Structures are given as structure tokens and as C-alpha cells.
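S.K.:
Residue numbers (this note's numbering), protein chains in the order written: chain A, 126 to 471; chain C, 126 to 471; chain P, 126 to 471; chain R, 126 to 471.
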């Protein structure tokens, strides 16, 4: 006979519901809203743990020596990334609840928390690192080093050493199983052929079609295209080879083999957007709560958040490839044999 | 020099982040989604604790021997009830996150949790009791007794013995400070006068005006009015005397003294609506997850939720008073001296 | 040189922004909130038109003599149904905006609108009919006939005569291209073989596995399974043959060929859930606004909405199939040749 | 007998539902998603009209020679501004629906709309002007002049000439009825007394208390305080005199007379935050849709939106006053006679 599980024990509510110890109470005061402050941050940390759980599993899947198109791998990756997006939406919504706290109510206990700060959430910084943010790209590097415990810095450093999501996405894009199996496409910038990208019939045709769409205002369009798609150098987080795969997926997403990869790219862009929205709401909330003062952690108030909103985007290059799309009726028709490779066997 | 607070210690993350022990892992399996199941329920329990914190403070304020119109009391009550409404909106949103779990993924660990069930959340049942749900009004009373631990039943029973929110609201309505101080209004059904409600000039006028608005389809309108507003007997959770105060506040909400009381009534109705929406979403989620089967706790699946959605409304009588409103241009004009009592002293 | 388009002309704002004529203004009064009432209903009608646009295109795709697995058809269907789900979420949110109108403010103009009622939205009723609600299944049939204009009744009747979404989904499920091409699966209840469903090796194995999962509380489980999956009669909107396809897709959704079909089923269930939530919010809103009175259209207030919420679900049978799932490690392993049919050709 | 109103005629659906004429259809193509593009923009314009309706009524109320604390005026203003906030939340949500359109689907009709652009929404620009954005403070002034029709520029100019919401708020703050009636407070920077602000006992005490809260990191805190609250010059949209009223309301919001004014300030800050979130979502959406290209209107893509997000905040100064709050237990206790002025007469 199986053991009986009881809800409260299963959820370890003895830990969860005893972890709220307001500083104001310890100091003999009663700052009613400190409970809200504690609980909302604990809820955030729970969700950060959940997102790390999902990200870890996604990274493990993509870390396999070979991702098989006929396995559930990419389908599972998309499903779990969509869950992460769903959790970010909830995280944004949680700010509505914090904002029921007024500045005056916050002041009742705020000074007792110094120098604690949400900035010290190592789980959040690990999430950023897992997705692909490097220490060197962080805004406020020194500040970051000073305010985190060494053990947490070490943990984040460990994460940084491993392959990040964006790096694995880049690798998967560069050698999508389907690309390797297809002679016609294997030439798409593959170093093994002597063909230059622009000499390849597909890209030659595409470049011509793209050029004709550029308005006079878009003078720099072709240069941007070449920088992102043709030149050898890696400018940002994605290689030109990966960028070509991104464009190919976006153009031919209607073929069965590319439907789920298209959803994958779309979900990554969505996660970036949600994180930017979260930072924007966070900025407004801080401005509302403490005006122009420095934050509890001594960070320069809303400025840190504003800078990181712009600098900490991870997947913005995926979205930027959309600039290079052309109208559907000008998109090159794929050779019949390639079309069949992109479909089901039946 | 004050002690330094560190974010992770302040939030007791050593407890919060170590409280996730999937049963499937204990059983040597790997049910990826069990983590989500645990975390979403823990997040719910955190928010239930926060709502209990707010409700307790609201009840304490209303429990004072005397609520003073010139104190911040009712303003604070409204503020905290609005926060509870805000948390319910978040609680509804959390269902979106659970629904990223598919039925097949749930089955991976579902049987290992028996007979644990969200039904066993004693915090949720305490919230219901604090608001005013009595054991005798609960759907599935025996089921309830059988599935909760005795210690939790006792805790809920203790809460039931104390004055609930709806009872305190009823008392506050019956003897709003302003009502007691005002001769003209003190007669509104006050037992100390021999005047019957209908003989009182205000209500005599209002009843006449109300009657003229009834369409032939509303034949029962006047009987409903009398049952709710005039007859002595208490039919539901509010007395007829309290109901008259509700109607008075709704009609004259534009006067300064009634502006915040109006927001109070509106917020209580909103909380009821949000809880009904939460139960509806919960029903859909269970139907999606386990179809017509019995729940892990053995409850008859979605049926329990459906019944409780309709039977566990607490403040629906407040909303029903809206039936008795009449058009603004027919609303009796208050005597000048009463108007001044409803305003500021300046 | 192409013509120049101007925003306001393109959107025909001369029509859109001149279509608000409050009755109260015509009657020489100024009911401030009537503008909100008009605009929110106009916004609903715009979104109903958009949903009809999407539904029409989805129905046209599914109405093709043959849906090809290697075409973008099902991918497009899913994409557009997800958009419909997204619009329903917005429609639910719009109720928050209506609820900023108080009952007293509504009374300022409510009587001047009789007998107009949201019940008379023929677009909404056409949406229900397009999805698959039949006149005979409508709650309040006579009421419906009496309050709609004959021309609108005729339009809805026309829609009813055509194949509805649920009927086309049933057909697509019954003869999924892949099912027809596969000898092994073609036997799954196919009338062309003499094999009974239960004699088929796959279903024989599955029935056995399913039976072993039934707890003693689920006594009726096997009878429900047989009614839904095996017996010939069509009980609800789906045939037993279609139901078997539903179960198969849910079980083997990880195979590439079934990934998008799985999303299709999931999205249909979600649309049903959203419409139920919309009706629930609508019920609460009406209760808040007019209490227990009859609606402007004379409908029995919230009762009509409550009944239709339960009776007008279209895709609930899809969700109920989840009852018949079993744990993944007991799911029959498919023969290798079948597995390859479910994958890409590469 | 009153005339009978029919839903579809009341809403003028003959206009609303015939105002969708896709350019792609005119050009003999079928760009399925153009309908969505049209409808979502029409829905925005409906909501802009509704917000203008609310803003106009709010401005009319505040434009009265005298706002009476014992009238429903400020209560009504708060109610309608909260509705505007609620509509902005919906407007933000609408972006979720637009984002179901993929870049490739947008390209199907995008070029046919040139040079139309959401930038040409004169209703939106009128809303900005009504709230208080001046032409001289607009980002991209020349661009603005070039792309709008002269008649629309004229309409916006007309609005600019009238008192804007922020100007009327400033006036109301400067001469809050209560301030004028109160000797003690009339001195708070009133030009009629010779007392300097800093010599006034209340402010002398407050400045001292505020100074003691400044950490060494907040060196500039006192200078900011003086600039905002004491010096004569008007730096931004609010005068120092109005700023002092803001701070006073925030500090003493618990007194009945200041409860609704506090909600007013809070709602204005919320509207600013919502508009900033809307612009952020708009930026992400444009980046997703057209990458780095120029928008249909020729605006420099997302850059215009990014600049205007930061420059077009209207009420940010209200939020910045929160910087000058001090802990509740250090807030000066008001003289008893003043306390009574802040309360009800009873």
C-alpha cells in the first residue's frame, strides 16, 4: 500500500509559511506592508527557480551532441520556453500587486533593510547568465561585484562557463540537422565548399530580390544585410551562418520541418520583449516608490534598470533579422526535392 | 552602526528554495513538470498568507468598539481590500501558468500524490471563514471533515467563532457613526423610535418612487424590496437595517462622507466576482487536466468547484441591492442640514 | 507613382468616429457614461467581425476536399485559432472597462435603450453557429426568435446550414490524411475492415492498460471509455472514430506529424474555456449592474447567461477525452514503420 | 409609447461594420491579416475617442472658477481618470493581439499603406495635448508638422491653447479650497504674506526632519528639495507652491479631506506609467514587425517611440515628489484646529 501524501507536507508549508520575519517587528515596530514586501519577493524567487528549472532542461536538450528533427526535442524546447514566457507575464503582473504599496508605507520599513536589494537576487543573475548575458556585457560591473556575496558570484561565474542558451541556439541554427543532410542547402555558407555565400544560387537570388525592396530612405539596408548575413565576422551573439538559418526559417516557416523551429525563434523574441516590459514596469515602480533617491542597495535608483533594459536584451538579433524579409510573392521558390525534404515522409 | 541585511537571508531563501521535493524524484523517476506543480501551489500559499494578513488587519479595524469617520479607518480598510482584490487577479492569472502543463505531463506524477489535494489548503478555507462562510453553508460538509487534518479543522473552527468580515460590515452598516449622530436618519428603522420604516418620510418617498419604476415584468420587485429593506427578519447575511444603509450609500455616494464607504461596498462586490472567476478558471483547468475523472483528493472532479462557485459567494447581497436603485433625477433631495453633515466642516 | 494613403481615410474614421449618438443626448439629457456604453459595444462588434474573419478562413481551409499534411493548412488553422483565443482574452479584459460604470450611472440612460440588448448581437450568434452551436441546442430558443430581427435570424440560419467548425474538425479527425495512408492505423475502427475496434491489437492493448488504471472510485470509467471510443453511436458532437483520433494525437503528440494537430486540439479547448470565462465575467457584470432585475432585452437577467455558459460549450468533448489518458510509461510503443510515417522524410 | 431601440441601429453597425476596406483587396490580392491591422487600429481610435470624452469632462470640471471640496467634483475626476487608466491597460493588452501577426504576414500588405502611419492618429496627439504636452516639448517636431494634415495640426493647436489637465491640476493644487480657507496653511508660500517658505513653522520643521534622513549618498537631496519646493522659479510643469501641496497631500492623505486628492495624484502617476508601458510594448512590437527598417510613415522605426517614451511623460514630477517624503513617525503633527478642518463636520 502506497504512503499517503498530505497537501501541506508535500508542499513543505512548515518552511514556506514560516519564512516571513519582518525586520520592523524585530525592531519592535509594526510596518504592516513589510509582509507584502517579503512575500512578493519570495514569490519572485519561487518563479525564478521554476524558470531556472525550465532553462536547465532546455539547455540540456540543446547540449546533446545531435538534435534529431524526428525526436520530440525541439517541440519540448518550444513548450518549455513558452512556459517561461508565461511565467514572465505573471512576473510582470506581480508588479501590480507591489504597487498597492504607497511610498509612505514603504518608508515605514525601508531603512531597516539596508543594504539589501533585489539587485542581490543571484537567481535572477543566474537566469541572465544561462540565457547568455556575459559579465563583460553587464551594466554596472563593479557595482555588481561589490554587492553580491562571493559564493553567489562564483555560482554565476560557473554558469557563465557553460554553454548558454543563445550559444546553443546559435550552434543549432548553424548545423540544423536538415541543413547538413541537404546538399543544396549545405552550401549555404558551409566552409567545406568553396562557394561563397553570394555565389550560391539561392542567396544570389535573394540578395537581388531584397535589394529591390529597399526604399531610398533605407540606404544602409544592404550594408546591414551584408554585415548580418554574408560577412564572416560574428558581430553580436549570432554568427552570419546562424543568421542565414534564421532568415530561412522565417521565410519558409510554412513547411512542416520549419514550423516548430519558427515557433522557437518567435518564443525567444517574446521572452526578450517580456523581460524588457518587466524592466520598464520595474523602473516605473521604483520611480513611484522612491522618486529620484538611490535604491536600498545604493544603486542609482531607476538608472540602473533603465540601462540594463537596453543592454541586457539577449535575443534582439533574432528580431532584427525581420528587417531582411521580403514580400512572400518574391520569395524564391524552393526546388521540388528540397520541398520534399522539408515535409513528412508519407 | 545598524546590522547589515542581505537579501537572501532577509527572505530566508534557505527555506523557500529548498522546499521543493518532487515525489517522482523520490520514487526514482523524473517527472519534469512536478516542479511546476509544487511551485505554483507554494506561490498560492504565499499569497493566501498575504491575504490572511490583510484580512486580519481589516477585521481588527472593524472590530473596534467604534469606527470613527474622522479616522483613517475606513480608508485603510478600502486600501487593504483593494490589495486583496489585486492579489485575486494575480491568483487568477497563475492559472495560465498551470495550464502550460498538459494532461499527459500531469499523469507522470499525479498518482504519486494521492490523496493530497488542493482541497486540503487550510489557509484557503480559513480565508473563506474569515470572510464569513460558515461550516453549515459549505458545499460537501462531510467530505470536508474527512479530508482535512483535525488540527486544521480546529483552526478553521476557531476562526468561525470570531466575528467575520461580513458580520462586521453588517454591524458597521447598521450603526455607521454618521447615522447615529443624525436625528433625521437615526429614525431609519431605528428600534428606539416607534416610527415604522415605511412611515419615515424618506423611505415613504423612496418606496413610492421605486414602485413607479417597476415594469410589468418586474412584478415581484416590490416584494423583493420589502423583504430586503423593510421587513424585520434577516434573510441572508445582512439585516434589513444594514441593507438600507447600503442603498443610502449607493444613492448618495457623491457626498464626501459616503465616498469612501461607497468604494468599500464596491470592493467587496469585486472580491466576490474575482473569487467566482477564480473558481470558474479552476473548473476549466481541472476539466482540461483530468477530464471527468475524480480529483486526486477523491472530490467529484469539477463538480465540487462548480457547486462551491455558486454557494460560496459572500457579498452577493450587496450587489443585489443595486436592483433597488432608481434614476438619479428621482432620488429624494436631502434636507440642507443633512447635506452639511455629509460634508466637510470648512 | 502609387497613390498616397492617409491613416484616417484608410481607417474610414469619418464613419468610425461619427457613429456614437447617445439616446440621452437626443432626449435632451446628459448621461456621461452612455458614450462608454456605446463604444465598448462597438469595440466588441469590431472584434466579433475579426473573429468571424478568422473563423471563415479556418472553415474554408478545413472544407477543402483534402487537407494535406505537407501543406501549411493545419499550421495556418492553428495560428488563426490562437488569434481567436487572443481576441477572447481581450474581450474578457474589456469587461474591466465596462465595470468602471456604476449602477447609478447606468440607470441614467438605461431605460431609454429598451428593448435593445446585447442579446441582439447577431454577429455573436453567428460566431456561435459557425463554431457549431445549433438552434436546437440553444438555451431560450423562443426568446431568441422573438428578439432578433428576421433578417438576422435568416443570416444565422444560413450559417447553420453550412459545415461548422466542430463538424469539419470531426471530419478531419476521422480521416486524417495520415490515418488513411497507414494500413496499421486504417484499421482503427475503419468500416472497411471487418475488424472490430476492440479486436485491433492497438486498442486491445490500450483498453487493457486503461482498465488497470481505474481506481475503485472510477467504476464508470470503462463504460465511459466504451461510450466515447468504441460504440458506434455518436453521442455528442464527435463520433467515436474521431474520438479515437483525438486520443491518439494526445498520446503521441511528440511525433512531428502530430505536434501541430495537438496544438489544434489544445487551442479549441482553450477557446471554449475563454468563452466560459467571458460568460462568467458577463454574469458578474450584469449582477453588479442591475442586480436581480430583468435585462434591457427582457431576458431573465443573469439567468440566461448562466444557462448558456453551461449549455453552449462547443469543444468540451475534446477535453473530456483527457479522462482516458494513461501514464506515459504504459502507453503502447508504436511499430517502427509507423514511427517513421509520423516523422520527417530525411 | 416610447420608440423601440434596436441594438444594431443604436450602435450604428451599418457604419462600424462597413468601414473595413483592405487595400490589398482593392489591389486584387488577398492579404488575410490586413483585416486585423484595420480593426485593431479602429478599436484604438474608438478608445481614444472615449478617453478624449473622459478627459474633456475632467478638464471642464477643473476649469470651474472654483472647485468645491463639498461637491462631487474631485470624486468624479478621480473616477473618470481611473477609467482612463483602465482603458490604457486595455490598450496595452491590444498589442498582444497585434503581435499574433507575423512580420511576413505584415509584409503582404505593408507597402500598400505608405505613407500611412499610426503616427497620423490626430486623436492620440490631441490626447497628449489635452494632458499637457506642448508642441515645443514634442520629440520630432518637424517630422510631426510634415506628416499630419493641416486641419489636424490646427485641431491640435486649438487644444494646446486651452488649459491642459496638468495646468489645471497645478492651479487646483495651488489654491486647493481648503488651503485658502485655512490661516495656518494659507501661509504656505502664499505671496500675500511676507513669510518666506522656510520661515513658516511647518516647513522649517519639515526641512529639518527631511535633512536628517539624507544619507551621504544623497548629497544632492537638499538641493533637489529646495529646487522643487522652495525656490520661486517654476522648473517643470508644476510650481513650487503646487509641489508643496502635493507633498502635503501625500503626507496627510489619511485625513478625510485629503483621501480623494491623494487618489487623484496616484491615478495621474499611474496613467503616466501605463502610457510608458504602452510605448515600450509598442517599441517591441515594431522591432518584432519591421526590425531596424523605417516605419511606414518614414519615422525612424522604433527610435521615435523610444525618445517619446522618455520625453512625453506628463506627470513624472508628481512621482518625483515622493523623494521628499520622510518616515511617518517623523512627520510633523498638525495643530488640532487644522486637524478638524481636514475632517467631517459631525
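Note that CB positions come from ideal geometry on N, CA and C, so glycine has one too. What you are looking at is a predicted structure, and each value in this text was computed from that prediction instead of being measured.
Span of the alpha helix (DSSP H) holding residue 449 (chain C)?
M.R.: Residue 449 (chain C) -> no alpha helix (DSSP H), and no H or E assigned at all.
S.K.: Please classify residue 381 (chain A) as buried or exposed, where buried requires at least 16 neighbouring CB atoms within 10 angstroms.
M.R.: buried
S.K.: Please decide whether residue 222 (chain C) counts as near chain A, where near means a Cβ-Cβ distance under 8 Å.
M.R.: yes
S.K.: Three-state secondary structure (DSSP) at residue 380 (chain C)?
M.R.: coil
S.K.: Taking the CB atoms as reference points, tell me whether residue 452 (chain A) and residue 232 (chain R) lie closer together than 8 Å.
M.R.: One thing to note: residue 452 (chain A) has its Cβ within 8 Å of the Cβ of residue 232 (chain R).
S.K.: Using a Cβ-Cβ cutoff of 7 Å, what residues of the stretch 378 to 396 of chain R are near chain C? List them in chain order.
M.R.: 379, 381, 382, 384 and 385
S.K.: Nearest chain P C-beta to residue 200 (chain A) closer than 8 Å, yes or no?
M.R.: Judged by the 8 Å Cβ criterion, residue 200 (chain A) is in contact with chain P.
S.K.: Can you find the residues in the same chain that come closer than 7 Å, C-beta to C-beta, to residue 237 (chain C), ignoring five residues on each side of it along the sequence?
M.R.: 148, 149 and 152
S.K.: Against residue 190 (chain C), what residues of chain R qualify as contacts under a CB-to-CB distance less than 8 Å, listed in chain order?
M.R.: Here the premise fails: no neighbours, minimum Cβ distance about 18 Å.
S.K.: Provide the residue span of the alpha helix (DSSP H) that contains residue 186 (chain A), from first to last.
M.R.: 159 to 187
S.K.: Taking its Cβ as the centre, do 16 or more other Cβ atoms sit within 10 Å of residue 132 (chain A), making it buried, or is it exposed?
M.R.: Of the residues assessed, residue 132 (chain A) falls on the buried side of the cut-off, its CB having 16 or more other CB atoms within 10 angstroms.
S.K.: Measuring CB atoms only, is the stretch 290 to 301 of chain A touching the stretch 179 to 191 of chain A, in the sense that at least three cross pairs come out at less than 8 Å?
M.R.: yes
S.K.: Just checking my contact of residue 229 (chain A) with residue 450 (chain R) at CB under 8 Å: how many whole Å lie between their CB atoms?
M.R.: Beta-carbon to beta-carbon, residue 229 (chain A) and residue 450 (chain R) are separated by about 6 Å, close enough to satisfy the 8 Å threshold.
S.K.: How long is the line joining the alpha carbons of residue 387 (chain P) and residue 374 (chain P), rounded to whole angstroms?
M.R.: Using only the alpha carbons, I get a separation of about 6 Å.
S.K.: Please classify residue 165 (chain R) as buried or exposed, where buried requires at least 16 other C-beta atoms within 10 Å of its C-beta.
M.R.: Buried, because 16 or more other Cβ atoms sit within 10 Å of the Cβ of residue 165 (chain R).
S.K.: Go to residue 294 (chain A), then tell me how far its alpha helix (DSSP H) extends in each direction, as first and last residue.
M.R.: 290 to 299
S.K.: Given that residue 452 (chain R) touches chain A, what residues does it touch there, using C-beta distances under 8 Å?
M.R.: 232, 233 and 236
S.K.: Three or more beta-carbon pairs under 8 Å between the stretch 361 to 377 of chain P and the stretch 439 to 446 of chain P, yes or no?
M.R.: yes
S.K.: Below 7 Å on C-beta distance, what does residue 241 (chain C) contact in chain A?
M.R.: 130, 131, 132 and 135
S.K.: If the cut is a Cβ gap below 9 Å, which residues of chain P does residue 273 (chain C) touch?
M.R.: Simply none; closest approach about 19 Å.
S.K.: Give a yes or no on whether the C-beta atoms belonging to residue 118 (chain P) and residue 245 (chain P) are separated by under 8 Å.
M.R.: This structure does not reach residue 118 (chain P), given that chain P is present from 126 up to 471, and the question cannot be answered.
S.K.: Indicate the three-state DSSP secondary structure (helix, strand or coil) for residue 469 (chain P) in the structure shown.
M.R.: strand
S.K.: What does residue 428 (chain R) touch in chain C if you count any residue whose Cβ is under 8 Å from its own?
M.R.: Under the 8 Å cutoff, chain C gives no residues; its nearest Cβ is about 33 Å from residue 428 (chain R).
S.K.: What is the DSSP secondary structure of residue 264 (chain C), counted as helix, strand or coil?
M.R.: coil
S.K.: Does residue 414 (chain P) have its Cβ less than 8 Å from a Cβ in chain C?
M.R.: Residue contact check for residue 414 (chain P) against chain C: a CB pair falls below 8 Å.
S.K.: Quick check on the DSSP output: the alpha helix (DSSP H) that includes residue 204 (chain A) runs from which residue to which?
M.R.: 198 to 223
S.K.: Decide if residue 391 (chain R) is buried, meaning its Cβ has at least 16 other Cβ atoms within 10 Å, or exposed.
M.R.: buried
S.K.: Closest by CA to residue 139 (chain R), which one among P:255, P:248 and P:156?
M.R.: P:248
S.K.: Please classify residue 203 (chain P) as buried or exposed, where buried requires at least 16 other C-beta atoms within 10 Å of its C-beta.
M.R.: buried
S.K.: Hey, residue 402 (chain P) and residue 217 (chain P): beta-carbon distance below 8 Å or not?
M.R.: yes
S.K.: Is the CB-CB distance between residue 210 (chain R) and residue 298 (chain R) below 8 Å?
M.R.: no
S.K.: Please state if the CB of residue 457 (chain R) and the CB of residue 327 (chain R) are separated by a distance shorter than 8 Å.
M.R.: yes
S.K.: If we count Cβ pairs, one from each stretch, closer than 8 Å, do we get three or more for the stretch 274 to 281 of chain P versus the stretch 344 to 356 of chain P?
M.R.: By the C-beta criterion, the stretch 274 to 281 of chain P is judged not to be in contact with the stretch 344 to 356 of chain P, since fewer than 3 inter-stretch pairs fall below 8 Å.
S.K.: For residue 378 (chain R), verify whether its CB is less than 7 Å away from any heavy atom of the ligand FAD.
M.R.: As presented, the structure is devoid of all ligands, the ligand FAD included, so that no description of it is given.
S.K.: Do residue 389 (chain C) and residue 130 (chain C) have their C-beta atoms closer together than 8 Å?
M.R.: no
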